[in-house]
Structure formats: C-alpha cells, structure tokens
Amino acid sequence: MKLERDFYIRDTQTVARELLGKVLVHNVNGKIFSGKIVETEAYLGIIDKAAHSYGGKRTKRVEIMYGPPGRAYIYLIYGMYYCFNVVTKEEGTPEAVLIRGLEPIDGISLMAKNRFNKELSQLTNAQLKNLTNGPGKLCQAMELDKRLNGEDLCGDTLYIEERKVESFNIINTKRIGIDYAEEAKDFLYRYYIEGNSYISKTK
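Going letter by letter, the sequence shown gives residues 47 to 249 in the numbering used here.
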C-alpha cells in the first residue's frame with residue numbers, strides 16, 4: 047500500500063524512524079527497482095546546522111524543502127553522487143529525511159549493471175553488499191538523479207509503500223559525515239535496523 051501525504055506531514059524524526067521497513071519503489075517506464083529502507087537520517091531544517099536550510103537559507107537548490115511534504119529532494123554531492131531525501135512537515139517548514147541504506151528487493155540484476163556494469167552472477171559478496179548500502183550507492187543502483195528532484199512521492203513513478211515485514215530493533219545514533227555542523231553533529235537523528243547487512247556504517 048502506497049504511503050499517502052499524511053504520512054509525510056508529521057514530525058521529521060517520527061517519519062525517519064517509521065520509514066524503516068518501508069519499501070522505496072522507482073518505476074522507470076515499467077522497469078521496477080525497489081528496496082527496503084534500512085537506514086535514515088532526519089534533518090530538522092532551520093534549527094539544524096547540518097541541514098541545507100539551516101537558519102532559513104532559501105536557495106534554488108533547497109527550495110523543494112519549503113514545498114509540500116511527500117516530495118523528493120535530490121541533490122548532488124562531491125560533484126558526482128546523488129542523495130535522495132523525503133520532504134517532511136507542513137509546507138514552509140524546510141525539513142527532510144535522507145535515505146541512507148536500502149536492502150534490494152526488485153531489479154537487483156539491473157542494479158548490478160548500474161553499479162558495477164556486471165551481471166548479477168559476476169558480483170563478489172562484497173559487491174553484493176555494496177549495491178545499496180549508502181546514499182550515493184542506492185541512487186546509482188535505482189537510477190535516482192536530479193531529474194526526479196521535486197517528484198511527488200504519492201504518484202506512480204517514485205513512491206514508498208508499506209509491505210509486511212518481520213519485526214526489528216531500531217538503533218538511534220549520530221548522523222554521518224557532518225563534522226562541520228558544530229553541536230548538531232552530536233544529535234541522535236540517525237536510525238537504522240539493527241543487524242541489517244545494508245547499513246552504510248555501524249559505528
């Protein structure tokens with residue numbers, strides 16, 4: 047069952063936590079990619095020094111964060127990797143959740159081609175684990191790029207759905223790669239499924 051707008055309009059940390067176990071789906075002209083969300087990070091906008099919209103910053107890049115919830119916020123890092131975020135809260139409050147890790151479900155052979163230009167059967171165990179265990183990796187695997195920035199997650203191209211999953215424990219810890227963010231680097235805004243093989247970093 048596809049998540050509706052009401053899911054995204056809530057508290058950003060709640061959304062980040064409850065996205066775990068949900069399934070991200072990308073339909074590319076009938077070619078289906080999907081993966082279970084196993085790791086997220088919350089970014090609390092104006093009050094969060096790690097967020098692109100900290101202090102009310104409003105540029106062309108971050109404008110989508112100020113829009114309606116349930117939209118995709120996709121940006122480029124290091125000039126080469128895309129990151130996929132889910133816009134949360136009510137319109138005008140620029141907060142979002144970064145999807146950091148996925149467990150592949152559908153389209154794994156296509157993911158292997160996208161990530162390593164190899165057949166699935168040719169991948170090593172290490173490469174299998176590295177298909178989608180990081181924000182840039184999952185975007186490359188699932189063909190998520192700037193063209194999808196602003197995409198409505200309540201549509202039929204890129205969306206998140208509820209599927210029956212086994213129960214799991216959630217680990218709550220510090221976010222990754224934000225040492226510049228002063229006190230915000232210590233906020234416990236990262237969530238992941240304990241013991242999952244597709245976590246980007248466990249310590």
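Built from N, CA and C at the ideal position, the CB exists for glycine as well.
Alpha-carbon spacing of residue i relative to residue j, whole angstroms
i: G196; j: N73; result: 16 Å
i: D225; j: A97; result: 12 Å
i: N171; j: S80; result: 20 Å
i: R236; j: Y244; result: 15 Å
i: L148; j: N179; result: 6 Å
i: E50; j: I206; result: 9 Å
i: D191; j: V211; result: 28 Å
i: K95; j: P140; result: 13 Å
Residue nearest to residue i in terms of C-alpha spacing, selected from the options
i: A142; options: S99, L49, D225, K164; result: S99
i: M111; options: L144, K175, Y124, E212; result: L144
i: N218; options: Y205, D232, A227, E207; result: D232
i: I151; options: E50, K183, V71, T248; result: V71
i: G76; options: R209, I55, M47, G153; result: G153
Buried or exposed (CB count within 10 angstroms, at least 16 for buried), residue i
i: M126; result: exposed
i: N163; result: exposed
i: L199; result: buried
Short Cβ contact (8 Å threshold) for residue i with residue j
i: T86; j: A62; result: yes
i: S246; j: R104; result: no
i: E240; j: I222; result: no
i: T58; j: T134; result: yes
i: L169; j: A158; result: yes
Any non-hydrogen atom of the ligand NAD within 7 Å of residue i CB
i: A172; result: The ligand NAD is absent from the structure shown, which contains no ligands of any kind.
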